[in-house]
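**Q** Here you go, one structure.
This is the structure:
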């Protein structure tokens, strides 16, 4: 025989042996296993139903305990959405051909009027400071100074 030949054939490697399975058909072991499985399923079901039964209490306690952080996170998300909407609206308005230059012209005219009306003379600046103080008192309260 040569080095590459052997005594075994190809069929000996490809044909697996038939496995032997022993099945115990005794009723006592199957009944015990069934009772144990149903008992475990019942325990799991009891735990899940107790958890779901107390879920409203858990949620209420969580909301009461973390009310301020929840409100803060909600306001941050709402502010983010509002900023995205405003930017989308401004982007859409900016794409209208003559609208963007018109708004820029209106902004320049208003800025010029504001400079002339409130910032040019000292008496007008005092009036502006008085108006700002009145608005601050309205928003923050009368004793906010």
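Residue numbers (the numbering used here): 272 to 416.
The beta-carbon is built from N, C-alpha and C at its ideal position, and this holds for glycine as well.
Note that the structure is a prediction, hence the values are computed from the model and not measured.
Taking the alpha-carbon positions, what's the residue 409 to residue 401 distance?
**A** 12 Å
**Q** Measure how close the beta-carbons of residue 370 and residue 364 come, nearest whole angstrom, since I'm counting them as under 8 Å.
**A** 6 Å
**Q** Just the Cα atoms here: how many angstroms apart are residue 378 and residue 387?
**A** C-alpha separation (whole angstroms): 14 Å.
**Q** What runs of the alpha helix (DSSP H), each 4 residues or longer, lie entirely inside the stretch 299–379?
**A** 326–336, 338–365
**Q** Report back the beta-carbon spacing between residue 341 and residue 334 to the nearest angstrom; my notes put them in contact at under 8 Å.
**A** 7 Å
**Q** Which two residues bound the contiguous alpha helix (DSSP H) that contains residue 395?
**A** 393–411
**Q** Rounding to the nearest angstrom, what Cα-Cα distance links residue 367 and residue 383 in this structure?
**A** 25 Å
**Q** Residues in the same chain with beta-carbon distance under 8 Å from residue 398, minus the five sequence neighbours each way, listed in chain order, please.
**A** A distance below 8 Å between beta-carbons, with the five flanking residues on each side excluded, links residue 398 to the following residues of its chain, in chain order: 389.
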